[in-house]
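Novice:
There are 2 protein chains.
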Amino acid sequence: MNTILPERPTLKDVARAAGVSVSTASRALAENPAVATDTRRRIQKLAAELGYRPNAQARALQSSRSNTIGVLVPSLINHYFATMVTALQDAATDDGMATLITNSNESAPMMATSLDFLANHGVDGIICVPDEACADQLDHLHRQGMPLVLIDRELPGSDIPTVTSDPERGMVNAVGLLARHGQTPIGYLSGPMTTSTGRCRLETFRYACTEAGLEEQPVFLGGYEQSQGFEGANALLAQGVRSLFAGDSMMTIGVIEACHRAGLVIGEDVSVIGFDTQPMFTLQPRPLTVIDQHVGSMAREAFAVLNQLIAGKAPPEKHIRIPTTLIERQSIRKGQAS
Amino acid sequence: MNTILPERPTLKDVARAAGVSVSTASRALAENPAVATDTRRRIQKLAAELGYRPNAQARALQSSRSNTIGVLVPSLINHYFATMVTALQDAATDDGMATLITNSNESAPMMATSLDFLANHGVDGIICVPDEACADQLDHLHRQGMPLVLIDRELPGSDIPTVTSDPERGMVNAVGLLARHGQTPIGYLSGPMTTSTGRCRLETFRYACTEAGLEEQPVFLGGYEQSQGFEGANALLAQGVRSLFAGDSMMTIGVIEACHRAGLVIGEDVSVIGFDTQPMFTLQPRPLTVIDQHVGSMAREAFAVLNQLIAGKAPPEKHIRIPTTLIERQSIRKGQAS
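Heads up: the protein sequence lines correspond to chains A and B, in order.
The numbering of the first sequence is the working numbering, which starts it at 1 and goes up by one.
The numbering of the second sequence is the working numbering, which starts it at 339 and goes up by one.
This is the structure:
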């Protein structure tokens with residue numbers, strides 16, 4: 001389990017590989033015209049191949065850490081990620097570290113740019129909600145020795161340390177609760193198949209249905225936007241479904257919107273279960289029953305792992321999964337209890 | 339109006355002032371032991387006095403911009419600031435620039451650290467919701483020539499370019515609406531007196547009351563947290579006040595919470611007006627009447643001003659104020675219309 005972290009290449013390594021002096025290598029990388037163009041290009045290519053990053057040199061010069069971590073999330077409008085970022089920052093602050101935040105707006109190119117920027121500007125480590133389109137870049141950073149922890153979403157087959165939530169307990173209890181109260185069919189609003197959370201929760205929903213003795217239930221394949229939850233809820237309601245289970249925060253908001261617009265009282269005319277805790281879900285006439293991912297704990301665990309990596313230690317556990325919890329409130333219609 | 343931006347001191351200026359070569363100055367600032375300790379300290383002191391920042395050197399070497407802006411906000415849990423950050427980032431992205439975000443959690447020391455970090459890590463400019471305790475540091479950065487725009491809050495007496503919202507139109511219409519419907523007394527939940535927005539809106543509320551022909555109305559001095567809105571609403575409700583006007587987003591959430599908990603139906607038993615647009619305020623049985631600060635426009639204006647400063651131009655207007663708008667929905671009790 002105790003893997004040795006790969007050494008980061010230094011300017012010296014680049015110079016040695018290129019057969020030039022350290023100062024020539026330095027000048028070449030700084031695009032100093034004192035070094036012939038061909039030589040510059042050759043050294044730059046070599047440096048790239050070795051995975052050399054200029055800030056490693058800057059750090060060696062300072063012989064100190066920047067005491068800053070970088071955090072990359074796909075959205076800040078989503079209260080779940082805003083809470084995650086704030087909890088990560090609180091953990092970092094408690095440890096005397098600053099936090100730089102970047103928001104990719106669920107865009108892989110924006111994530112790629114942000115990763116580059118953070119890696120090249122001397123953060124000591126990065127915590128990232130990964131986009132699968134950036135898997136190679138993340139793996140490359142990891143192999144170069146950049147302390148890196150993935151949170152919320154996993155990369156299939158990657159050995160980058162990860163902290164995620166395990167939906168099983170919460171979702172099995174949620175489906176069980178709806179089934180016990182006769183609230184079937186259950187319409188599930190699934191996240192996208194391009195994220196591990198989307199895939200894993202859909203699979204878990206199907207498993208939970210089997211556990212509850214239910215045949216296949218209607219599923220709407222959505223995304224991570226309120227509008228997709230709204231659209232999905234309308235589609236399911238139009239099919240006569242009166243029991244809605246949203247697979248993430250933003251789609252939960254969309255489901256609430258659809259119910260309000262259709263004049264359906266949640267907990268009386270329809271049953272609703274959502275994901276995550278946010279003030280909006282309790283500040284309804286009948287507070288929502290939700291699955292809590294314990295985002296604060298996820299953030300604290302992720303920072304603890306990152307901190308170990310920064311200290312050059314291998315974390316005791318590579319893939320931490322935090323069980324979810326069903327929080328029962330008043331959004332389930334009272335049917336026949338079994 | 340067209341002020342010339344102060345020149346940023348270069349490494350050359352530091353060397354000239356210290357009477358040493360540029361390379362000696364560079365080594366001294368990099369703590370290179372090849373330079374005697376006394377000389378190093380002397381040069382570092384001089385550099386600090388001149389307001390020299392190492393990244394200016396880094397930029398000159400690269401002879402290119404980082405194409406990155408820094409954004410500093412006091413909270414990300416607050417949907418208003420999350421929206422602001424996202425809109426700023428959208429504007430920057432449209433212009434090919436990346437955005438680094440820092441969250442001060444309404445803590446002046448955290449803001450100070452973040453400002454230092456951003457200024458020393460090569461962002462091209464900074465957009466900041468200022469804490470008044472950081473006024474000197476912000477003024478110093480501004481005088482050094484760091485492109486800097488304040489957003490949402492002003493610093494009294496500062497000449498740093500600012501984009502804020504002007505509460506007058508929205509608040510005068512809000513108080514007028516409540517008064518016309520006989521919804522008095524109006525309990526106002528005020529933001530803190532340590533921010534320009536808190537002070538300005540309280541003053542505007544009093545002005546709006548005078549305009550509406552009302553005597554002094556009850557005021558609760560709160561802050562920018564949901565809990566303070568909750569506490570304030572309870573205090574005002576206990577005084578028999580049935581018309582609540584919250585002076586910011588987070589206190590609006592607290593007011594909704596207090597009404598739900600007290601079993602008071604908003605728009606039937608109590609009248610509520612809040613600040614800002616967020617899904618939660620419309621996804622109520624009776625959508626909330628709110629004051630819209632047009633945070634998207636504020637963000638676009640702020641980025642445009644910053645972009646001009648980065649290009650070395652003086653912005654045409656130093657202090658931009660965007661008028662607020664009252665959005666009437668259904669949270670006002672129907673009383674006698676005048």
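Beta carbons: idealized from backbone N, C-alpha and C, even for Gly.
Using three-state DSSP, classify T162 of chain A as helix, strand or coil.
Specialist: As a position in the first sequence, residue 162 of chain A is number 162, starting the count at 1. Correct three-state label for T162 of chain A: strand.
Novice: Should Q239 of chain A be labelled buried (16 or more other beta-carbon atoms within 10 Å of its own) or exposed?
Specialist: To locate residue 239 of chain A, count along the first sequence from 1; it is residue 239. It is exposed - the Cβ of Q239 of chain A has fewer than 16 other Cβ atoms within 10 Å.
Novice: Run through the DSSP bridge pairs and tell me what G525 of chain B is partnered with.
Specialist: The residue given as residue 525 of chain B occupies position 187 in the second sequence. Answer is B:L582.
Novice: Determine whether the Cβ of F455 of chain B lies closer than 9 Å to any Cβ atom of chain A.
Specialist: Position 117 of the second sequence, counted from the first residue, corresponds to residue 455 of chain B. Yes - at least one Cβ of chain A is within 9 Å of the one on F455 of chain B.
Novice: Looking only at its own chain, which residues have a Cβ that is under 8 Å from the Cβ of E444 of chain B, when we skip the five neighbours before and after it?
Specialist: Taking the second sequence and counting its residues from 1, the one referred to as residue 444 of chain B is at position 106. Closer than 8 Å at Cβ, skipping near neighbours: P412, S413, D469, Y562.
Novice: Could you check which residue in A:A92, A:N67, A:M84, A:A15 has the C-alpha nearest to that of A165 of chain A?
Specialist: Taking the first residue of the first sequence as position 1, residue 165 of chain A is located at position 165. First, the residue type needs correcting, since residue 165 of chain A is Ser and not Ala in the sequence shown. Ranking A:A92, A:N67, A:M84, A:A15 by Cα distance to S165 of chain A puts A:M84 first.
Novice: Cα-Cα, which of B:T590, B:D614, B:V513 is closest to T321 of chain B?
Specialist: Residue 321 of chain B lies beyond the range of chain B shown here (339 to 676); nothing can be said about it.
Novice: Taking 9 Å as the CB-CB cut-off, is N173 of chain A touching chain B?
Specialist: By one-based count along the first sequence, residue 173 of chain A stands at place 173. Cβ-Cβ to chain B under 9 Å: no for N173 of chain A.
Novice: Can you confirm whether H598 of chain B, when its beta carbon is compared against all beta carbons of chain A, has any partner nearer than 9 Å?
Specialist: Translated into positions along the second sequence, residue 598 of chain B becomes position 260. H598 of chain B counts as touching chain A.
Novice: Kindly provide the ranges of any alpha helix (DSSP H) runs that are 4 or more residues long and lie completely inside the stretch 77-110 of chain A, ordered along the chain.
Specialist: Segments of the alpha helix (DSSP H) lying fully in the stretch 77-110 of chain A: 79-94.
Novice: How far does the beta strand (DSSP E) with T627 of chain B in it reach, from first residue to last?
Specialist: Start at 1 with the first residue of the second sequence, and residue 627 of chain B comes out as number 289. That run of the beta strand (DSSP E) goes 627-630.
Novice: Just the chain B side, please: which residues come within less than 7 Å of S196 of chain A by C-beta, in chain order?
Specialist: Walking along the first sequence from the start, residue 196 of chain A turns up at place 196. The premise fails here: S196 of chain A is roughly 24 Å from chain B at the closest Cβ pair, so nothing lies under 7 Å.
Novice: Say whether chain B places a C-beta atom closer than 9 Å to the C-beta of G240 of chain A.
Specialist: The count along the first sequence starts at 1 and reaches residue 240 of chain A at position 240. With 9 Å as the cut-off, G240 of chain A does not count as an interface residue toward chain B.
Novice: Check whether the Cβ atoms of M435 of chain B and T406 of chain B lie closer than 9 Å to each other.
Specialist: The sequence position of residue 435 of chain B within the second sequence is 97, counting from 1. The sequence position of residue 406 of chain B within the second sequence is 68, counting from 1. Contact: yes.
Novice: Would you say G460 of chain B faces chain A, with C-beta separation under 9 Å as the test?
Specialist: In the second sequence, residue 460 of chain B corresponds to position 122, counting from 1. G460 of chain B counts as touching chain A.
Novice: Leaving out five residues before and five after R300 of chain A in sequence, what residues of the same chain have Cβ atoms less than 6 Å from its Cβ?
Specialist: What you label residue 300 of chain A is simply residue 300 of the first sequence in a count that begins at 1. Same-chain partners within the cutoff: A91.
Novice: On the DSSP letters alone, give me the boundaries of the alpha helix (DSSP H) that S271 of chain A sits inside.
Specialist: In the first sequence, residue 271 of chain A corresponds to position 271, counting from 1. Unbroken run through S271 of chain A is the beta strand (DSSP E), 271-275; no alpha helix (DSSP H).
Novice: Could you check what DSSP says for P9 of chain A in three-state terms: helix, strand or coil?
Specialist: Taking the first residue of the first sequence as 1, we reach residue 9 of chain A at position 9. DSSP places P9 of chain A in coil when its eight states are reduced to three.
Novice: Rounded to whole angstroms, what's the CA-CA distance from R397 of chain B to H417 of chain B? Just pull it up for me.
Specialist: Taking the first residue of the second sequence as 1, we reach residue 397 of chain B at position 59. Taking the first residue of the second sequence as 1, we reach residue 417 of chain B at position 79. With a pLDDT of only 42 at R397 of chain B, under 50, the local geometry of the prediction cannot be trusted, and the value read off the model is given with reservation. Roughly 35 Å separates the two Cα atoms.
Novice: Taking 9 Å as the CB-CB limit, is A108 of chain A close to chain B?
Specialist: By 1-based counting over the first sequence, the position of residue 108 of chain A is 108. Taking Cβ atoms only, chain B never reaches closer than 9 Å to A108 of chain A, which makes this a no.
Novice: For G267 of chain A and A179 of chain A, what's the separation of their Cα atoms in angstroms?
Specialist: Looking up residue 267 of chain A in the first sequence gives position 267. Looking up residue 179 of chain A in the first sequence gives position 179. G267 of chain A and A179 of chain A: Cα-Cα distance of roughly 15 Å.
Novice: How would you label P654 of chain B, buried or exposed, when you count the other beta carbons within 10 angstroms and need 16 or more for buried?
Specialist: Walking along the second sequence from the start, residue 654 of chain B turns up at place 316. Result: exposed.
Novice: With burial defined as no fewer than 16 other Cβ atoms inside 10 Å of the residue's Cβ, what is the status of L61 of chain A: buried or exposed?
Specialist: Walking along the first sequence from the start, residue 61 of chain A turns up at place 61. The predicted model places L61 of chain A with a pLDDT of 39, which falls under 50 and marks its position as unreliable; any figure quoted below should be read in that light. It is exposed - the Cβ of L61 of chain A has fewer than 16 other Cβ atoms within 10 Å.
Novice: Closer than 8 Å by beta-carbon distance: list the chain B residues that pair up with L114 of chain A, in chain order.
Specialist: To locate residue 114 of chain A, count along the first sequence from 1; it is residue 114. One point to set straight first is that residue 114 of chain A is Ser, not Leu, in the sequence displayed. Near S114 of chain A (Cβ distances below 8 Å), the residues of chain B are A436.
Novice: Assuming R40 of chain A contacts A18 of chain A under a Cβ cut-off of 8 Å, what Cβ separation, rounded to an integer in Å, is found between them?
Specialist: Position 40 of the first sequence, counting from 1, holds the residue named residue 40 of chain A. Position 18 of the first sequence, counting from 1, holds the residue named residue 18 of chain A. Not a contact, Cβ separation roughly 10 Å.
Novice: Any Cβ of chain A within less than 9 Å of the Cβ of G525 of chain B?
Specialist: Position 187 of the second sequence, counted from the first residue, corresponds to residue 525 of chain B. Not an interface residue.
Novice: Compute the Euclidean distance between the alpha carbons of A675 of chain B and P279 of chain A, then round it to the nearest angstrom.
Specialist: If you number the second sequence from 1, residue 675 of chain B lands on position 337. If you number the first sequence from 1, residue 279 of chain A lands on position 279. Reliability fails at A675 of chain B, whose pLDDT of 47 lies under 50, so the model's placement of it is uncertain and no value is given.
Novice: Give a yes or no on whether the minimum CB-CB distance between L621 of chain B and chain A is below 9 Å.
Specialist: Here residue 621 of chain B refers to the residue found at position 283 when the second sequence is read from its first residue. Closer than 9 Å to some Cβ of chain A, the Cβ of L621 of chain B qualifies, so yes.
Novice: Closest to L202 of chain A by C-alpha separation, out of A:L214, A:L189, A:D139, would be which residue?
Specialist: Along the first sequence, read from residue 1 onward, the residue named residue 202 of chain A stands at position 202. Considering only alpha carbons, the answer is A:L189.
Novice: From which residue to which residue does the beta strand (DSSP E) around C466 of chain B run?
Specialist: Working through the second sequence from its first residue, we reach residue 466 of chain B at position 128. Per DSSP, C466 of chain B belongs to the beta strand (DSSP E) from 463-466.
Novice: Using beta-carbon positions only, say whether I127 of chain A and L306 of chain A come within less than 9 Å of one another.
Specialist: Counting from 1 along the first sequence, the entry for residue 127 of chain A is found at position 127. Counting from 1 along the first sequence, the entry for residue 306 of chain A is found at position 306. Yes; because the gap between Cβ atoms is below 9 Å, this pair is in contact.
Novice: Specify the secondary structure class of I381 of chain B as computed by DSSP and reduced to three states.
Specialist: Counting from one through the second sequence, the residue named residue 381 of chain B turns up at place 43. If DSSP states are grouped into helix, strand and coil, I381 of chain B belongs with the helices.
Novice: What does a CB cutoff of less than 8 Å around T184 of chain A pick up in its chain, not counting 5 residues either side in sequence?
Specialist: Here the question's residue 184 of chain A lines up with position 184 in the first sequence. Excluding residues within five positions, the ones whose Cβ falls inside 8 Å are L178, L214, Q217, S243.
Novice: Since I327 of chain A contacts V272 of chain A with CB under 8 Å, what's their CB separation in whole angstroms?
Specialist: Numbered from 1 along the first sequence, position 327 holds the residue referred to as residue 327 of chain A. Numbered from 1 along the first sequence, position 272 holds the residue referred to as residue 272 of chain A. Their Cβ separation, rounded to whole angstroms, is 13 Å, which puts I327 of chain A and V272 of chain A out of contact at 8 Å.
Novice: Cα separation between T10 of chain A and V409 of chain B?
Specialist: On the first sequence, position 10 is the one that residue 10 of chain A refers to. On the second sequence, position 71 is the one that residue 409 of chain B refers to. Whole-angstrom Cα-Cα distance: 32 Å.
Novice: What residue does the beta strand (DSSP E) around V305 of chain A start on, and which one ends it?
Specialist: In the first sequence, residue 305 of chain A corresponds to position 305, counting from 1. That residue, V305 of chain A, is in no beta strand (DSSP E); its alpha helix (DSSP H) goes 295-310.
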